[in-house]
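Chemist:
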Amino acid sequence: QGYWNQSEKTAEAFVRDTLSGIAGGRLYRTGDLARLLADGTVECLGRRDTQVKVRGFRIELGEIEDALLQHPAVGLAAVVATPGPDGQTGLTGFYTAKADASEEREQGQEPQALRAWLGTKLPKYMVPGRIIRLEAMPLTPSGKVDRRQLAGLAEAEAAVQREAVCEAPVTETERIVAAIWSELLNREAVGRNDDFFELGGHSLLTMQVKSRLLAELGVDVSLQTLFSETTVADLAQAIEERLLAGGEREREIEIAPAPERGHYRLSHAQRRLWFLYKLNPDSGSYHVPMHV
Numbered sequence: 041q042g043y044w045n046q047s048e049k050t051a052e053a054f055v056r057d058t059l060s061g062i063a064g065g066r067l068y069r070t071g072d073l074a075r076l077l078a079d080g081t082v083e084c085l086g087r088r089d090t091q092v093k094v095r096g097f098r099i100e101l102g103e104i105e106d107a108l109l110q111h112p113a114v115g116l117a118a119v120v121a122t123p124g125p126d127g128q129t130g131l132t133g134f135y136t137a138k139a140d141a142s143e144e145r146e147q148g149q150e151p152q153a154l155r156a157w158l159g160t161k162l163p164k165y166m167v168p169g170r171i172i173r174l175e176a177m178p179l180t181p182s183g184k185v186d187r188r189q190l191a192g193l194a195e196a197e198a199a200v201q202r203e204a205v206c207e208a209p210v211t212e213t214e215r216i217v218a219a220i221w222s223e224l225l226n227r228e229a230v231g232r233n234d235d236f237f238e239l240g241g242h243s244l245l246t247m248q249v250k251s252r253l254l255a256e257l258g259v260d261v262s263l264q265t266l267f268s269e270t271t272v273a274d275l276a277q278a279i280e281e282r283l284l285a286g287g288e289r290e291r292e293i294e295i296a297p298a299p300e301r302g303h304y305r306l307s308h309a310q311r312r313l314w315f316l317y318k319l320n321p322d323s324g325s326y327h328v329p330m331h332v
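Residue numbering for the sequence shown follows the working numbering, beginning at 41 and increasing consecutively.
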């Protein structure tokens, strides 16, 4: 239909359809940048704007940058999307400090503090996994932020982190936590002081960590703990304190298999859908179509 109360944006994005021959038809400019090759293949090059898709969410990088700029000690800010260790797209933030920032503000603008601060302003999936402080923001000859150079810096920083010598886990709990992270993050080794989110972790992997810890240690760690205790050592300590406070480890509930029979009683949800189907057999409301 167009952009609400934005006639200029509508005119720019919705253009006359000259391809289908349909009278009055329109085409929509998605903002995706591509080129048509000689063999007819369309090669996707990225986007014309700063919108990216990260783990199923469409994100405007400018929105994250605006949030960073609200911090009293941040001078310039930029965010780029880069491939993570699991092959998924991740976010890396860059910033420079204000020249007149006070000592108190300086302490509050360390990368970890900035990530925590952003978490109060944005949804978790929009908080960059890594935030890097720069002395000066790289610019193009025209004075715009050089995002290509920032992407290179992000990849170089990730390579340095991968090659850095990590401090080996000390306790058995630390070793179990590190092994789980290593497998889920696709890393050869994880140190006791490594940060889960700086290594490329995200909220979906956090749920897998929670499940694995329950299976291997018998402890149902809360999501709040997983988001606050982000190093191997801190998380292991929280788990050990939980074990000491709660005594024995939680035992998984044993589910007895149902005896084999010709038919089984429907669950409440199944009976509900059967009833709705009888009311309106032609409805497709509960069909979930998808392409494979």
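We put the CB at the ideal spot given by N, CA and C, even for glycine.
For TYR68, is the classification buried or exposed, using 16 other Cβ atoms within 10 angstroms of its Cβ as the cut-off for buried?
Modeler: The residue you call residue 68 lines up with position 28 of the sequence shown. Exposed: under 16 other Cβ atoms inside 10 Å.
Chemist: Where does GLN46 fall in DSSP's three states?
Modeler: As a first step, residue 46 is located in the sequence shown; it is residue number 6 there, counting from the start. Three-state result, GLN46: coil.
Chemist: For the alpha helix (DSSP H) holding PHE267, just list the boundary residues, first then last.
Modeler: Here residue 267 refers to the residue found at position 227 when the sequence shown is read from its first residue. Run containing PHE267: 263-268, per the alpha helix (DSSP H) assignment.
Chemist: Can you look up VAL114 in the DSSP assignment and give me helix, strand or coil?
Modeler: For the purposes of this step, residue 114 is taken as the residue at position 74 of the sequence shown. For VAL114, the three-state secondary structure derived from DSSP is strand.
Chemist: Go to LEU131, then tell me how far its beta strand (DSSP E) extends in each direction, as first and last residue.
Modeler: Position 91 of the sequence shown, counted from the start, is the residue given in the question as residue 131. From DSSP, the beta strand (DSSP E) with LEU131 extends over 129-137.
Chemist: How big is the Cα-Cα spacing for GLU48 and GLN91?
Modeler: For the purposes of this step, residue 48 is taken as the residue at position 8 of the sequence shown. For the purposes of this step, residue 91 is taken as the residue at position 51 of the sequence shown. Cα to Cα, GLU48 sits roughly 19 Å from GLN91.
Chemist: For a cutoff of 9 Å on Cβ pairs, would you count ILE172 as touching chain C?
Modeler: The chain labelled as chain C is not found in the depicted structure, where only one protein chain is given.
Chemist: Is it a yes or a no for the stretch 253-266 touching the stretch 226-233, going by three-plus beta-carbon pairs under 8 Å?
Modeler: no
Chemist: Using a Cβ distance threshold of 8 Å, determine whether the stretch 276-283 contacts the stretch 294-309, with at least three qualifying pairs required.
Modeler: no
Chemist: Between ALA156 and LEU190, what straight-line distance do the alpha-carbon atoms span, to the nearest angstrom?
Modeler: For the purposes of this step, residue 156 is identified with residue 116 of the sequence shown, where counting begins at 1. For the purposes of this step, residue 190 is identified with residue 150 of the sequence shown, where counting begins at 1. When rounded, the distance between both Cα atoms is 22 Å.
Chemist: For THR58, list the residues DSSP reports as bridge partners.
Modeler: On the sequence shown, residue 58 is found 18 positions in, with the first residue counted as 1. Answer by DSSP bridge pairing: none, since THR58 is not bridged.
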